[in-house]
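These protein sequence lines are chains S and Z, in that order.
Numbering-wise, this note's numbering puts 44 at position 53 of the first sequence, and it's gapless, one number per residue.
Here this note's numbering runs 30 ahead of the position in the second sequence, where the first position is 1.
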Amino acid sequence: VQAHWRVSLGIATSAASLYAGFILLVTFGKPLAARVIAPGLSVEVLAAVMIMTMAWLATGLYALWSNRIEAQTPASGGTGYRDEAG
Amino acid sequence: MTTAGTPPVGHAAAVLVAHAGAASLLVLGGLVLLPVLLAMRATRPAAAARPWIGQGTLAMTGDFISAAGFLGLTGLVALSGADALLYTVGWLVAWPIAICLTAEPMRALGRRTFGEALALRFRETRIRLATAPALIVVVIFYLAAQLVGAGILAHLLFGIAYETAIVVVGSSIAACMLVGAVNAAQWVQMVKTGLLLFAVLALALMVVLHFSGNPLAVLAQAADRFGDGVLAPSRLTENPLEALSLGLANAFGPAGLPHVVGYFTGTRNRQVAHRTVFFASGLIATYYLAGLVVGFGAAAIAGRDAVTALDPSGNAAALAVVVALTGGRLGALSLAAIVAIVGGLTLSGASALAHDLWIAVLRHGSAGDTAGTPARLWVARLATLAVVACSILLALALRYQNVDFLISLVFAIGASAQLPALLLTIIWRGFTSTGAVASILVGTTASLAVIYGSPAVQVSVLHHTQAWFPFDHPTLFAMPLALAAGVLGSLVGRPEPGAAARFARIHRQLIEDRTARP
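Given below as structure tokens:
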């Protein structure tokens, strides 16, 4: 459970800091955010789409990690019956 | 989003009404009859023995997205350009945060609502009394957002007064509840998600095809028409504190509103829950990206003037793009999309009532026992009617607000009034019922006070020259206050008898959930 909380908090914090970075970019880095790198694509739009994708991948990463860890953890209580059921 | 005064019904809308004729009957059906019929037919619970994962994905997606959110988003994008990204990025980032911070523990504990989670540790009546206002305020704001969207669409499509439209849709939502939508809450969610995804993707497809299949060309055209400012930060980010406050609400609000991940917390099988959440957040990302394309399309094809001519709040941008693309002659695809959106508005309202209000009243803070006694059923019915009535009044007052702004207020209350108490309940041994009551009350009061004193209410709704408070978004102030109140209250108040044992049990349960095999 300790490890689980650490990973959970790590993922939540990194997602939050990505978003914080985005807010900083659009509030204090306006010239950079406004730069147009291709027709119709500015740094802000690119960053937004990338962070949205990364947030989705973070959710997926958590799901994958969580399911894999749980698959490896031996059943508690050692009743044995649960293992057979799985 | 802060314009006041009577808007001219745009030429485009007149064209639409003139050509809609028989089609408008269909839309009316989507708005009022379809949801009620669905609710009546679907009175059986949707829990199959081995549910297909797509069902869960659709239900979970439906817990989060709403029709009003789409209307507001397209309006924001059309009128403010890339500023709207502040909302969509926040809503996606909110997913890993909500899952990791609160949803996973709540699922492990088998609790679905805020009240249920607190009841794990605190048994006192005053806790229940304190949780009620926060819950009701959240439902009222959320419902009002759906009503504003529905009122504008109905007004523009049929030419009936906005006020009448709000009352009609509000009554239809109440009717859905009373004929049994609550028994099929998950089913209603799935239908709603299907309708909305279809509508948004259809509109996005129409827009992108108009630009020969290149989404970036849509943005480029919008920038050509209104300057590169469309793709850059502007009005919404002028004040860094305001942007931060909005960001906090968007990122942490969902974590404090367990119902937005209600399907997740209600699934006992971890592996399925985890897979479902991945698919669901993927669908949500798609939904918002498509919404952005439609919003930029509204600016590029219809133009900002056409959008504000329909409604100065921008909430009708999706309609403006349909009108511009079709010249008012609705094709089958665009008509179906509009019917789907209006149906989705009603269903969004009904499902929020079912999830948040009805089940909370019936369960009365304890898990299980959703059937409820006849007396509680009556309480739930009366509460539904009262909440719908309040939402109608609020929707009448907030007519010219962008609906995404209204939804961000819901998240603000979730982040301030509920998240601190919920987190402390799960992780802090020393948390007491006095702390919980203090945190909830301070969070709710502070959020509402800031919203009431904000420019959005004081200047645009009440027409005062000056606001009491310079900010529209309360989270930056209310959330730390609520957290501090929770800690202070816990240090001052005495622990409730038996609370320590219950905290220990919570932790045992969390550990068992981790280590037990599914």
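All residues carry an ideal CB built from backbone N, CA and C; glycine is no exception.
Only a predicted model underlies this, so the values are computations on that prediction, with no experimental measurement involved.
Over what stretch of residues does the alpha helix (DSSP H) that includes residue i continue unbroken?
i, result
"Z/ALA514", "505 to 522"
"Z/VAL353", "347 to 356"
"Z/VAL119", "115 to 128"
"Z/GLN85", "83 to 94"
"Z/SER264", "Z/SER264 -> no alpha helix (DSSP H), and no H or E assigned at all."
"Z/SER469", "463 to 483"
"Z/VAL199", "192 to 208"
"Z/VAL248", "245 to 256"
"Z/LEU436", "433 to 443"
"Z/LEU452", "449 to 457"
"Z/GLY99", "97 to 110"
"Z/PRO135", "134 to 139"
"Z/LEU148", "144 to 149"
Residues of chain Z with a CB under 7 Å from the CB of residue i: which are they?
i, result
"S/GLY51", "PHE308"
Can you tell me where the beta strand (DSSP E) with residue i in it begins and where it stops?
i, result
"Z/VAL178", "No beta strand (DSSP E) contains Z/VAL178, which is instead part of the alpha helix (DSSP H) from 155 to 188."
"Z/ILE331", "Note, Z/ILE331: premise wrong, no beta strand (DSSP E); not H, not E."
If the criterion is Cβ atoms closer than 8 Å, does the pair residue i and residue j meet it?
i, j, result
"Z/VAL409", "Z/LEU173", "no"
"Z/THR464", "Z/GLY528", "no"
"Z/ALA133", "Z/ILE470", "no"
"Z/GLY344", "Z/PHE441", "no"
"S/ILE28", "S/VAL34", "yes"
"Z/ALA108", "Z/ALA328", "yes"
"Z/GLY312", "Z/THR223", "no"
"S/VAL17", "Z/LEU116", "yes"
"Z/GLY120", "S/TYR10", "yes"
"Z/ILE331", "Z/VAL237", "yes"
"Z/ALA320", "Z/VAL230", "yes"
"Z/LEU349", "Z/LEU88", "no"
"Z/GLY179", "Z/ALA98", "yes"
"Z/GLY86", "Z/THR306", "yes"
"Z/ILE536", "Z/LEU139", "yes"
"Z/PRO126", "S/ILE2", "yes"
"Z/VAL260", "Z/ALA252", "yes"
"Z/ALA128", "Z/ALA310", "no"
"S/GLY51", "Z/PHE308", "yes"
"Z/VAL324", "Z/VAL351", "yes"
Determine, using beta carbons only, whether residue i comes closer than 8 Å to chain C.
i, result
"S/GLY12", "Checking the listed chains, one finds no chain C in this structure; the protein chains it contains are S and Z."
Determine the chain S residues that contact residue i at a beta-carbon separation under 9 Å, and present them in chain order.
i, result
"Z/THR118", "ALA39, MET43"
"Z/TRP125", "ALA6, ALA46, TRP47, ALA49, THR50"
"Z/LEU249", "PRO30, GLY31, LEU32, SER33, VAL36"
"Z/LEU131", "SER(-1), LEU0, ALA3"
"Z/PRO263", "LEU16, VAL17, THR18, GLY20, LYS21, ALA24, ALA25, GLU35"
"Z/GLN448", "Result: empty, since nearest Cβ-Cβ is about 17 Å, beyond 9 Å."
"Z/ALA281", "ALA6, ALA7, TYR10, ALA11"
Just the chain S side, please: which residues come within less than 8 Å of residue i by C-beta, in chain order?
i, result
"Z/ALA526", "Ala is not the amino acid found at residue 526 of chain Z; the sequence shown has Glu there. Those do not exist, as Z/GLU526 stays about 25 Å from chain S at its closest Cβ, beyond 8 Å."
"Z/ASP258", "ALA25, VAL27, SER33"
"Z/GLN85", "Those within 8 Å of Z/GLN85 in chain S number zero; the least Cβ separation is about 18 Å."
Going by DSSP, which residues form a beta bridge with residue i?
i, result
"S/SER33", "S/VAL27"
Taking Cβ-Cβ distances shorter than 7 Å, what residues in chain S pair up with residue i?
i, result
"Z/SER304", "In the sequence under discussion, the amino acid at residue 304 of chain Z is His, which differs from the Ser named in the question. Under the 7 Å cutoff, chain S gives ALA54, SER57, ASN58."
"Z/SER311", "TRP47, THR50"
"Z/GLU134", "SER(-1)"
"Z/ALA253", "GLY31"
"Z/THR267", "VAL17, THR18"
"Z/LEU109", "Residues of chain S passing the Cβ test: none, with the nearest at roughly 16 Å."
"Z/PRO510", "Here the premise fails: no neighbours, minimum Cβ distance about 15 Å."
Return yes when the C-beta of residue i is under 7 Å from any heavy atom of the ligand SAM, and no when it is not.
i, result
"Z/GLY321", "In terms of ligand content, the structure shown is empty, and the ligand SAM therefore cannot be addressed."
Counting pairs of Cβ atoms below 8 Å between the segment 107 to 121 of chain Z and the segment 258 to 265 of chain Z, do you hit three or more? Touching, per the Cβ criterion.
Under 8 Å: do the segment 496 to 505 of chain Z and the segment 475 to 483 of chain Z share three or more Cβ pairs, one atom per stretch? At 8 Å Cβ cutoff, the stretches touch.
Taking three-plus beta-carbon pairs below 8 Å as touching, is the segment 508 to 520 of chain Z in contact with the segment 448 to 465 of chain Z? When C-beta atoms of the segment 508 to 520 of chain Z are compared with those of the segment 448 to 465 of chain Z, three or more pairs fall below 8 Å, so the two segments count as touching.
Should the segment 424 to 442 of chain Z be regarded as contacting the segment 142 to 158 of chain Z, the criterion being three or more beta carbon pairs within less than 8 Å? Under the 8 Å Cβ criterion, the segment 424 to 442 of chain Z does not count as touching the segment 142 to 158 of chain Z, having fewer than three qualifying pairs.
State whether the segment 455 to 464 of chain Z contacts the segment 482 to 498 of chain Z, with contact taken as three or more CB pairs (one from each stretch) at a distance under 8 Å. No, the segment 455 to 464 of chain Z does not touch the segment 482 to 498 of chain Z.
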